[in-house]
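*Asks:* For the sequence shown, the residue numbers in our numbering are 4 to 250.
All C-beta atoms, glycine included, are put in the ideal place defined by N, C-alpha and C.
Sharing a structure with you now.
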Amino acid sequence: MDLIAGKNRLSTEDFLVVDIERFLGPLDLLLHLIRQQDIDVFEIPIARITRQFLTAIEGIEAKDLDNAGEFLEMAAGLIRIKAQMLLPRHGEAEDEDPRAELVRRLLEYEQIREISQRLALAEAERARRFPKGFLEPRPCPLMEKTPLQTVWDEVLEAALAVTVPEPRVRLHHVTTRPVAMEDKMNLILDTLERVRGIEFNRLVRPFKDRMHGVMTFLAGLELTRRRRVKLRQTELFSELWVYRGAE
4 MDLIAGKNRL STEDFLVVDI ERFLGPLDLL LHLIRQQDID VFEIPIARIT RQFLTAIEGI
64 EAKDLDNAGE FLEMAAGLIR IKAQMLLPRH GEAEDEDPRA ELVRRLLEYE QIREISQRLA
124 LAEAERARRF PKGFLEPRPC PLMEKTPLQT VWDEVLEAAL AVTVPEPRVR LHHVTTRPVA
184 MEDKMNLILD TLERVRGIEF NRLVRPFKDR MHGVMTFLAG LELTRRRRVK LRQTELFSEL
244 WVYRGAE
């Protein structure tokens with residue numbers, strides 16, 4: 004595609020000032036373009052957004068960003084969706100909207116980003132209110148546990164109630180690679196091969212990085228959706244437990 008020739012046809016709405024280095028990845032940039040213009044995510048004007056995205060990443064080089072390939076891959080995907088939108092519909096049957104998968108990924112990313120931000124705010128508030136080394140008293144767990152409905156807001160509140168203790172001085176844990184949900188799903192399943200159930204707190208205790216807690220939480224929700232595990236609490240805001248699902 005001739006991007007230079009395409010520039011001459013751009014309207015003023017395509018010239019958005021974007022500092023690409025401040026975005027975590029292509030979905031972050033794409034969501035910014037959509038929300039900045041108050042666009043309904045279910046009615047994305049794919050031609051305009053594609054032009055804006057291409058303008059934003061023009062001149063990107065691998066040496067400038069570690070994930071440059073992801074931005075270029077997203078650009079190719081947007082162009083493919085744009086081409087599919089131009090194809091005529093066959094008959095009266097309603098084909099799936101070519102934008103459907105993109106919308107799903109954007110909504111999922113926005114939800115994860117919002118949860119991450121809320122966890123960061125909760126962590127900062129906890130650090131402000133309690134001195135280093137403070138441990139909240141924990142009540143004795145009840146023998147009988149009631150099922151927990153896997154609703155995002157309620158489970159998130161339970162995750163926020165988890166206290167991740169500071170690691171001992173002699174321990175040094177450095178995360179050198181991105182945290183993958185698949186790894187956390189495997190961690191949960193491997194752990195439940197050895198025990199029937201485990202506290203969520205014990206799953207995240209070895210990791211100091213907050214993102215490990217977020218991804219472990221999301222992995223638990225995904226495994227619950229697949230009926231591989233069950234999430235339970237004795238009461239609202241009490242300790243969150245993870246159990247093996249039905250065999």
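For a test of the three-state rule: what should DSSP assign to Arg228, helix, strand or coil?
*Replies:* Note: Arg228 maps to helix in three-state DSSP.
*Asks:* Should the segment 74-91 be called in touch with the segment 116-130, which here means at least 3 C-beta pairs below 8 angstroms?
*Replies:* The answer is no - the segment 116-130 does not touch the segment 74-91, with fewer than three Cβ pairs under 8 angstroms.
*Asks:* DSSP on Gly200, reduced to helix/strand/coil?
*Replies:* Gly200 falls in the strand class under three-state DSSP.
*Asks:* Rounded C-beta distance between Leu192 and Ile201? I'm assuming under 8 angstroms.
*Replies:* At roughly 11 angstroms, the Cβ-Cβ gap does not stay under 8 angstroms, so Leu192 and Ile201 are not in contact.
*Asks:* Label Leu27 either buried or exposed according to how many other C-beta atoms from any shown protein chain fall within 10 Å of its C-beta, with 16 as the threshold for buried.
*Replies:* The residue in question, Leu27, is exposed, as its Cβ has fewer than 16 Cβ neighbours within 10 Å.
*Asks:* Specify, as a first and last residue, the run of the alpha helix (DSSP H) that Val106 falls within.
*Replies:* Unbroken alpha helix (DSSP H) run through Val106: Ala103 to Arg132.
*Asks:* Could you pull out every residue in the same chain whose Cβ sits closer than 6 angstroms to the Cβ of Lys233, ignoring the five residues on either side in sequence?
*Replies:* For Lys233, where only same-chain residues beyond five positions count, the Cβ hits under 6 angstroms are Tyr246 and Gly248.
*Asks:* Could you say which of Arg121, Ala78 and Met188 lies nearest to Arg229 if we only look at CA atoms?
*Replies:* Checking every option, the nearest Cα to that of Arg229 belongs to Met188.
*Asks:* Quick check on DSSP: helix, strand or coil for Arg51?
*Replies:* Arg51 falls in the helix class under three-state DSSP.
*Asks:* Output the boundary residues of the beta strand (DSSP E) element that contains Arg247.
*Replies:* Segment Trp244 to Arg247, the beta strand (DSSP E) holding Arg247.
*Asks:* Quick check on Gln39: buried or exposed, where buried means 16 or more other Cβ atoms within 10 Å of its Cβ?
*Replies:* With fewer than 16 Cβ atoms within 10 Å of its Cβ, Gln39 is classed as exposed.
*Asks:* Please tell me whether Val44 and Leu105 are closer than 7 angstroms, where the distance is taken between their beta carbons.
*Replies:* In this structure, Leu105 does not lie closer than 7 angstroms to Val44 by Cβ.
*Asks:* Measure the alpha-carbon distance for Ala50 versus Gln120 and round it to whole angstroms.
*Replies:* So the two alpha carbons sit approximately 31 angstroms from each other.
*Asks:* Look at the alpha carbon of Trp244 and the alpha carbon of Asp31, and state the distance between them as a whole number of angstroms.
*Replies:* Cα-Cα distance, rounded: 32 angstroms.
*Asks:* In its own chain, which residues sit with a C-beta less than 8 angstroms from the C-beta of Met184, not counting the 5 before and 5 after it?
*Replies:* Within the same chain, Met184 has close Cβ partners Met218, Leu221, Ala222 and Glu225.
*Asks:* In whole angstroms, what is the alpha-carbon distance linking Leu151 and Leu81?
*Replies:* Residue placement at Leu151 cannot be trusted, given a pLDDT of 46 that sits under 50; what the coordinates show is reported in the next sentence. Going from the Cα of Leu151 to the Cα of Leu81 covers about 39 angstroms.
*Asks:* Looking only at its chain, what residues have a beta carbon closer than 6 angstroms to the beta carbon of Gly216, apart from the 5 residues adjacent to it on each side?
*Replies:* Closer than 6 angstroms at the Cβ level, and outside the excluded window around Gly216, lie Val207.
*Asks:* By how many angstroms is the C-alpha of Ile84 removed from the C-alpha of Asn204?
*Replies:* Straight-line Cα distance between these residues: approximately 42 angstroms.
*Asks:* Any idea if Glu61 is buried or exposed, counting beta-carbon neighbours within 10 angstroms, 16 or more meaning buried?
*Replies:* By the neighbour-count rule (16 or more Cβ atoms within 10 Å), Glu61 is not buried but exposed.
*Asks:* Apart from the five residues on each side of it in sequence, which residues of its chain come closer than 7 angstroms, Cβ to Cβ, to Arg116?
*Replies:* Excluding positions up to five away in sequence, the list is empty.
*Asks:* Apart from the five residues on each side of it in sequence, which residues of its chain come closer than 7 angstroms, Cβ to Cβ, to Arg199?
*Replies:* Cβ within range, chain order: Tyr246 and Arg247.
*Asks:* Use the C-beta contact count for Glu111: other C-beta atoms within 10 angstroms, 16 or more gives buried, fewer gives exposed.
*Replies:* Per the 10 Å Cβ criterion, exposed.
*Asks:* Less than 6 angstroms between C-beta atoms, sequence neighbours within five positions excluded: which residues of the same chain meet that for Arg231?
*Replies:* Here the set comprises Gly248.
*Asks:* Tell me where the alpha helix (DSSP H) around Phe74 begins and ends.
*Replies:* Where Phe74 is concerned, the enclosing alpha helix (DSSP H) stretches over Ala71 to Leu89.
*Asks:* Measuring alpha carbon to alpha carbon, tell me which residue in Pro29, Leu124, Asp41 and Gln55 is nearest Leu75.
*Replies:* Comparing Cα-Cα distances from Leu75 to each of Pro29, Leu124, Asp41 and Gln55, the minimum goes to Pro29.
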